[in-house]
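The structure appears below as structure tokens.
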Amino acid sequence: MDASSVTQPQTALPMRSGGRAKFIVGAVLIFAAIVYLIVSSTSAGAQYFLTVEELEARAGEMQGREVRVSGVVLGDTIEYDSQNLTIRFSVANIPGDHKEIERLGGMATVLKQAAQDSSLARMRVVYEGVKPDLLKNEAQAIMTGKLGEDGVFYAEELLLKCPTKYEEAVPEQAGK
Amino acid sequence: MLANFGFGALLLAFVISLYGIGAAIFGARKNSLAWVESARAAMLLTFPLITLTALALVTLLVRGDYQVQYVYNVTSSTMPLYLKITALWGGQAGSLLFWSWLLAAFASAVMLRRWDRDREFQPWVIAVSLVTLAFFLGMSVFLENPFERFWQTAGGQQVVALFQPAGALAVSPPDGRGLNPLLRHPGMIIHPPMLYLGFVSFVIPFAFGIAALITGRSDDRWIRVTRRWTLVAWLFLSLGLILGSRWAYDVLGWGGYWAWDPVEIAALNPWISGTAFLHSVMIQEKKGMFKRWNMILIILTFLLVILGTFLTRSGVLTSVHAFAQSAIGPLFFTFIALSAAISLGLLLWRWNEFRDEGQMTSLLSREALFLVNNLLFMGLLAVCFWGMIYPLISELFTGQKVTVGPPFYERATGPLWVALLALMGIAPLSAWGHSTAKTLGKALWLPALASLAAVGAVFASGVRSPWALAGFGLVALVVTVTLYDYIRGVRARMRSTGESPFVALWRLVGRYRRRYGGYIVHLGVVMMALGVIGIEMFQTETQGTLQRGESLRLGRYEVTFRSLAIFDTEDGRNVARAVMAVSRDGQPVGELYPRRDFYFDSGQPMTIPGLRSTMEDDVYILLVDWEPISTENATFKIYVNPLVNWLWLGGMVFIVGMMVAAWPSKEPELDERRAARRAAVKVAAVGD
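These protein sequence lines map, in sequence, to chains A and B. Basically this note's numbering = 1-based index in the first sequence + 1466. Basically this note's numbering = 1-based index in the second sequence + 38.
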């Protein structure tokens, strides 16, 4: 049609200068849709990542919100009701900052010490489901769920990592 | 001794690749064929050297030389031979070596091709491959050395070092720690190498792309030369991802196949950008458009491959809290940042040379729909990337670590997958260049009617979820459109050549392999979509504790607990295995044996489901717990996963389609002729 479009638009994608508007509108619409999807899903799917201590301190504010908590499993406290598939156990606080963990001698050491240190913040956890194979003393538990009004953490998802196998990037065998 | 030998070969390969980089660049600058030849020889030499290194490590693994730390970490004496060999990629140090070995193999294979028409690319392809190789080899030499051994110093301290410290004695633990039981699965043996093959193959098109940028050769030669590499890379990457899902379904014991785990996403990212690349190069070949965009995509894919390699094996992502556990992290990020800066810098430098030859005119033309496809894939990538970095960003700006879980990914990517399915149904019907709603509607109304009929049938069967209905409808649309395209092609051929339908089909696919192979891939994808819809939207589950003889009911299934046996095996496991009778609508359909293996050496249990698979649904039984002595009662969790088998079947169809598309063509000159014709047309157009 118009032969004057010798100069090309300086974009990575080729578009005809004459009919560019419709392409730009189309691309902007798709782009906006993607941004909307990301933004709306972020607020819907966001989970706060807290340590046991932080959750304790901000209990009021966090109650009923989806949060992720990481702590060390205390082996003696594990109670498993296999009839109703309910697991109860306690976790103790471990630092959330990896630099702090490095400073304290690495994750394996931190887990070991935290499991023995009764001065640390502790929290009761209830998880409904199959008992994961890795749930044992000194395992790191990463729990997703909500803090109840009774101060018990109701986990919907439970990821576990074993201190002895810490170096290996092993997918956790975990309940969903 | 063997360890020293292996390290020597590794070091030599590293030095030679450094030399090769220098020789290639110098040769290219001085236009000296002798230097380029020398660089090529260096490139070819790295392969046998790294092969020797890998063989040394494999020998140590098989011999069970536990003085070597890596051997100690990933093997134990009870492991069967095949697992000892494959432990080569069971840990980080070995994986890096394995990566280097694959890259050396592929880059050497490229060196052996005929270069007469692409002489100017050669030194730069060598340089880019060798820079990448040298980076990985350097990592092995300096930071992640698989040959480091245990020593006891004179002071009684135990240390890990490559060479014997003065006065120290060798320490050999009696047995290794063994590979994690979860990884002792046939799927785990081929899953990582497949992913790595895919990752590494993408380096080749990247190297050619960079060579094209440096030499300023702006035609589509670099894409044509590497077309098969791209397809092969994509094939292996896809295969790796599918195998990984299957392994998760069989072994991880949560009835799922994909968990939006950060490591999974790290492997998915290059797949997404690679898929976009695969589609958009077709426009460049056909229309001479999207040149810069293709360059951006291959650069992006390369960067994501390097990032993926780092994230999948280094373990940094298993917890968002452990983001810098490994010493190799900063180096990887430096390498990625430098590669990005240099590649994009080159692209900006050549921006004008890589100007598009054609223009897009119609919103519904094939090339415009390809563009939509690309935007959607970039959307997927943006979602995945955002999910990955969101914890870091939120911490940076609010001081509060906030992560996003699977709900985020499902919500954000769901509509994009649906849009891609829709596009798969529409795009094959649109014409290149100019296509209007009218012409497209004409081609589309019949398949659309068929898909509406399918939606009606599904609705009649009681499904009410709008997402599921839309999903089934789109699946039907893609299937009809694809078959329609096949039939149209076969008919046209039969008419013009008088061949029988089968001969016509065979020759048609043989002639246009990429197109018809691609359509087979599309069919595979919709079959997989069917499986995903089935398990995501219609999975049901129940659980309970049963006495012997008692049953659990789930949908049309009834599962009866018959007996439970607990026994030790010779390879160091204690196994609890239940016998379950399964009946469907009251008809017995067989027995299932869910079990729990406990590995003595690692102290870790592993749950293996009992699985009955049909095209309609899967019964998936997990043995959860049991009465240890009497074995009188046990607890089970049961899932019914409708249609999930289509996921695996679709995966196979997908792979077959890829192979059709990537199969070497007997008529390589066909492309050339077509390219020549296009050039002639362009000249004619300019002359107007």
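Ideal Cβ positions, reconstructed from N, Cα and C, are used throughout, including at glycine.
So, is the C-beta of PRO429/B closer than 8 angstroms to a C-beta in chain A?
yes
If you measure from the beta carbon of LEU443/B to each beta carbon in chain A, is any gap under 8 angstroms?
The sequence given here places Gly at residue 443/B; Leu does not occur at that position. Closer than 8 angstroms: yes.
Within 8 angstroms (strictly less), CB to CB, does TRP153/B reach chain A?
no
Contiguous beta strand (DSSP E) assignments of at least 3 residues, all confined to the region 308-391 of chain B
none
Quick check: PRO740/B and LEU660/B, are their CB atoms within less than 8 angstroms of each other?
This structure does not reach residue 740/B, given that chain B is present from 39 up to 726, and the question cannot be answered.
For the alpha helix (DSSP H) holding LYS476/B, just list the boundary residues, first then last.
475-498
Helix, strand or coil, according to DSSP, for TYR295/B in the structure here?
coil
DSSP has ASN612/B in a bridge; who is on the other side?
ASP606/B and PHE636/B
MET644/B in three-state terms, based on DSSP:
strand
Are the beta-carbon atoms of VAL528/B and LEU515/B separated by less than 8 angstroms?
no
Suppose you measure from the CA of ARG388/B to the CA of SER256/B; what does that come to, to the nearest Å?
9 angstroms
Are the region 569-587 of chain B and the region 502-519 of chain B touching by the rule of at least three beta carbon pairs closer than 8 angstroms?
yes
Find the nearest neighbour of ALA314/B within the set CYS422/B, ILE336/B, TYR295/B and LYS324/B, judged by alpha-carbon distance.
ILE336/B
Cβ shell of MET39/B (< 6 angstroms), same chain only, five flanking positions each side left out
none
Residues near PHE246/B in its chain [Cβ-Cβ closer than 7 angstroms; skip 5 each side]:
PHE159, VAL163, TRP260, VAL263 and THR264
Using beta-carbon positions only, say whether TYR428/B and THR1508/A come within less than 8 angstroms of one another.
yes
Answer yes or no: does any C-beta atom of chain B fall closer than 8 angstroms to that of SER1556/A?
no
What number of angstroms, rounded off, separates the C-alpha of PHE497/B from the C-alpha of ALA1525/A?
46 angstroms
Give, in chain order, every residue of the region 566-590 of chain B whose Cβ lies closer than 8 angstroms to some Cβ of chain A.
GLN581 and THR583
Cβ pair LEU461/B, LEU414/B closer than 8 angstroms:
yes
Under 8 angstroms between beta-carbons, which chain B residues line up against SER1584/A? List them in chain order, please.
Residues of chain B passing the Cβ test: none, with the nearest at roughly 23 angstroms.
Does any C-beta atom of chain A lie closer than 8 angstroms to the C-beta of LEU235/B?
no
Decide yes or no for the touch test of the region 132-149 of chain B against the region 85-94 of chain B: beta carbon pairs closer than 8 angstroms, at least 3 of them.
yes
Cβ-Cβ separation, ILE252/B to LEU727/B (assumed contact under 8 angstroms), whole Å:
Only positions 39 to 726 of chain B appear in the structure, and residue 727/B is not among them; the question remains open.
Would VAL724/B count as contacting chain A if we go by Cβ distances under 8 angstroms?
In this predicted model, VAL724/B has a pLDDT of only 44, less than 50, meaning its place in the structure is not dependable enough to derive any value.
Could you give the C-beta distance for PHE692/B and VAL563/B, rounded to a whole number, given that I count them as a contact under 8 angstroms?
6 angstroms
Nearest residue (CA-CA) to ASP1583/A, options GLU1594/A, GLY1595/A and ILE1560/A
ILE1560/A
For TRP73/B, which residues from the same chain have a beta carbon less than 7 angstroms from its beta carbon, with the 5 sequence-adjacent residues on both sides left out?
ALA61, PHE64 and GLY65
Count the other CB atoms within 10 Å of the CB of PRO368/B; is the residue buried (16 or more) or exposed (fewer)?
exposed
Rank THR451/B, VAL209/B and LEU99/B by C-alpha distance to the C-alpha of VAL1505/A and give the top, closest one.
THR451/B
Considering ASN69/B, what are the terminal residues of the alpha helix (DSSP H) in which it resides?
Segment: none, ASN69/B is in no alpha helix (DSSP H) and carries neither H nor E.
Whether or not the region 632-644 of chain B and the region 552-562 of chain B are in contact is what I'm after, with contact meaning three or more pairs of Cβ atoms, one per stretch, closer than 8 angstroms; do they touch?
no
So what does DSSP say about ASP154/B, is it helix, strand or coil?
helix
Flag THR645/B as yes if its beta-carbon sits less than 8 angstroms from any beta-carbon of chain C, otherwise no.
As a matter of chain content, chain C is missing from the structure shown, whose protein chains are A and B.
Taking 8 angstroms as the threshold (beta carbon to beta carbon), is GLN1579/A in contact with chain B?
no
By the three-class DSSP mapping on this structure, what secondary structure does LEU402/B have?
coil
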